[in-house]
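In short: position in the sequence shown from 1, add 958, done, that's my numbering.
Each residue gets a CB set at the ideal place from its N, CA and C atoms; glycine is no exception.
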Amino acid sequence: MLGHLPVLHRDAIGLLRRSSSALGPLFWVNFGFAHRRLFHVGPDSLDVLRKPEVVMDYPASIKVIVGRSLAMHDGALHRHMRSAINPVLNRQPFEKGASDAIASVISARIDAWLRQGSIAIYPALQELSLDIIFRVCGVPTADLPAWRRAYRALILGVYPIPGRLPGLPAYRSSRARAWIDDRLRALLARARDGAGAGGSLVEALSSARDDKGKPLSDQELIDNIRAMLLAGHETTASILAWIVIVLSSRRELWDAIGEEHTAAADTPGPASIRDARRFPVTSAVFQEVLRLYAPGWFIFRAVTETITLHGRRVPRGTPLAVSPTSLGYEPSLFPDPERFDLSRWKDRSTSPGPIELSPFGAGPHFCVGRSLAQLEALQFQSAFVRALRRAGLVPRLQGPPPKQVYFPIGHPAASTRIAFLPE
């Protein structure tokens, strides 16, 4: 009944790597409750995402989470939404507003952490990331605890447990979605009446048009904003938490990033993605953490017409999956993949390619929020390192290094604590 779900929860990438070693690049994984997927792993696995015969295919429980958003559609509907949303996220005024919001939240949160002396790092960064994405989107932050509880319940829909009885994941996820959507409708109405936060993402999206001049429907707006709020804090919180854990357990990395920001003490931290080249160590830490600990470890698809993969016939209707995170452990792509190695990213003459960016997806469904996530990671590291060095403190991991937990998304154990100790 549970299939591979228990081992997927605690060691998803280990299971995929062991299965690939024993069975080759194609093998079935049982997510439990009669939900089986044919996984395609290895260096060429991303190619399947570009095949026209391979389309989006997520179970009903996940559809509850993301609805009619970009993440769930292909073809004309996907192009309609993407052509309306992309220009909004790539406008310079939006990046400037997002940068200011990120810097303000990060500074206040880090100051509070240092006064506490130690924190449970993943929950703390969930709160920080949710605060940031709310400010960027123009959502009032007064009810932040209630929104946080609602999103914790919403994401339970990832678990493939059948039934909608009270207390079960699907029931809790559906109730949370209804609560969130009611508030997003009110927020959208305020934005259209001019009563919302000026310059916010919600306001910009409410007047966005696709490449044919067609606006997004109310339901498309609500579904995409709901998905952005979720992805914009859950996945980012996981990456930021792992950055802190790595810097707290590896003194040589802390010293390297500290020296970089000490040398730039008279200049502000990164305010845009273009500033990344001024901070090569900071950028490399983000890329290497993303390689090892990407939070979105699976992508689901289905086959609409028979295709051939590695000499095997994959018939129409076959449920497929690929794992961007497993590519980070592919020895042919990343030699000695278990080693944390900044030289994979520093002093490169070329930009990261599709494989290296695979944690953000591939093909038409490449993450629209990639730039915002990278900017948040760069600004967080800069503020974190500078604040601790000014205070004469260093971060220290309390207890053994945590392992990645893979459900609902990849993240470190919530109990992982970081202390701030004198240098």
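Tell me, which residues are paired with residue i by DSSP?
i, result
"Thr-1266", "Arg-1271"
"Ile-1257", "Val-1280"
"Gln-1337", "DSSP lists no partner for Gln-1337."
"Val-1363", "His-1369"
"Pro-1173", "Arg-1167"
Helix, strand or coil for residue i, going by three-state DSSP, please let me know.
i, result
"Ala-1147", "helix"
"His-1369", "strand"
"Asn-988", "strand"
"Ser-1003", "helix"
"Ile-1077", "strand"
"Leu-1355", "strand"
"Val-1202", "helix"
"Arg-1208", "coil"
"Ala-1166", "coil"
"His-998", "strand"
"Leu-1379", "strand"
"Val-1012", "strand"
"Glu-1296", "coil"
"Val-1063", "helix"
"Glu-1314", "coil"
"Tyr-1287", "coil"
"Gly-1216", "helix"
"Val-1326", "coil"
"Ser-1158", "coil"
"Phe-1237", "coil"
"Met-1186", "helix"
"Trp-1071", "helix"
"Thr-1374", "coil"
If I'm right that residue i touches residue j with Cβ under 8 Å, what's the distance once you round it to whole angstroms?
i, j, result
"Leu-1355", "Ile-1203", "6 Å"
"Leu-1146", "Leu-1179", "6 Å"
"Ala-1331", "Thr-1194", "5 Å"
"Arg-1026", "Asp-1181", "5 Å"
"Trp-1200", "Pro-1370", "6 Å"
"Ile-1079", "Arg-1375", "7 Å"
"Phe-1365", "Leu-966", "7 Å"
"Val-1006", "Leu-1267", "7 Å"
"Ser-1329", "Ile-1231", "5 Å"
"Phe-1237", "Ile-1068", "The Cβ separation is near 17 Å, so there is no contact."
"Pro-1081", "Ala-1372", "6 Å"
"Leu-973", "Gly-990", "Contact flag wrong, Cβ pair sits at about 13 Å."
"Tyr-1251", "Ile-1197", "7 Å"
"Val-1280", "His-998", "5 Å"
"Gly-1254", "Ile-1113", "With a Cβ gap of about 12 Å, Gly-1254 and Ile-1113 do not count as contacting."
"Ala-1111", "Ala-1134", "4 Å"
"Gly-1245", "Pro-1310", "The identity of residue 1245 in the sequence shown is Gln, whereas the question assumes Gly. With 8 Å as the limit, Gln-1245 and Pro-1310 qualify as a contact, their Cβ atoms being about 7 Å apart."
Output needed for residue i: all residues of its chain with C-beta closer than 6 Å, excluding positions within five of it in sequence on either side, in chain order.
i, result
"Arg-1209", "none"
"Thr-1276", "Leu-996 and Val-1261"
"His-1038", "Asp-1168"
"Gly-1321", "Leu-1007 and Arg-1008"
"His-1381", "Checking the sequence shown, residue 1381 turns out to be Glu, not His. Once the five neighbours on either side are set aside, the close Cβ partners of Glu-1381 are Gly-1350 and Val-1352."
"Pro-1273", "Thr-1264"
"Phe-1256", "Ala-1279 and Ser-1281"
"Thr-1283", "Ile-971, Ala-1252 and Trp-1255"
"Ser-1003", "Val-1280"
Excluding five sequence neighbours on each side, which residues of the same chain lie with their C-beta closer than 8 Å to the C-beta of residue i?
i, result
"Gln-1337", "Ser-1057, Ile-1060, Ala-1061, Ile-1064, Gly-1227, Pro-1228 and Ala-1229"
"Gly-1075", "Ala-1377 and Phe-1378"
"Thr-1220", "Arg-1347"
"Gly-1357", "Thr-1374 and Arg-1375"
"Val-1046", "Phe-1052, Leu-1159, Ala-1162, Leu-1163 and Ala-1166"
"Leu-1388", "The first residue shown for the chain is 959 and the last is 1381, placing residue 1388 beyond what the model contains."
"Ala-1234", "Pro-1228, Thr-1240, Ser-1241, Gln-1332 and Leu-1336"
"Thr-1099", "Asp-1089, Phe-1092 and Arg-1093"
"Phe-1292", "Arg-1249, Gly-1286 and Arg-1302"
"Pro-1359", "Ile-1203 and Ser-1207"
"Asp-1015", "Phe-1258, Arg-1259, Ala-1260, Pro-1277 and Leu-1278"
Taking 7 Å as the line, does the beta carbon of residue i fall inside it for any heavy atom of the ligand ZN?
i, result
"Arg-1040", "Ligands are entirely absent from the displayed structure, and the ligand ZN is therefore not among its contents."
Excluding the 5 residues flanking residue i on each side, which residues of the same chain have their C-beta closer than 7 Å to its C-beta?
i, result
"Val-1024", "Met-1030, Asp-1181 and Ala-1185"
"Tyr-1129", "Arg-1122 and Leu-1123"
"Arg-1271", "Thr-1264"
"Leu-1150", "Going by the sequence as given, residue 1150 is Arg instead of Leu. These residues qualify, in order along the chain: Ser-1164."
"Lys-1211", "Before going further, note that residue 1211 is Leu rather than Lys in the sequence given. For Leu-1211, where only same-chain residues beyond five positions count, the Cβ hits under 7 Å are Val-1204, Leu-1205 and Val-1243."
"Val-1013", "Asp-1032, Arg-1259, Ala-1260 and Thr-1262"
"Trp-1137", "Ala-1108"
"Pro-1120", "Phe-991"
"Phe-1318", "Phe-1324, Cys-1325 and Arg-1328"
"Pro-1017", "His-993 and Pro-1118"
"Ile-1020", "Gly-1115 and Val-1116"
Going along the chain, which unbroken runs of the alpha helix (DSSP H) with 4 or more residues stay wholly within the stretch 1080 to 1151?
-> Runs found: 1102 to 1112 and 1127 to 1150.
Sequence ranges, alpha helix (DSSP H) only - wholly within the stretch 1018 to 1066, length at least 4 = Qualifying alpha helix (DSSP H) stretches, in chain order: 1018 to 1024 and 1033 to 1047.
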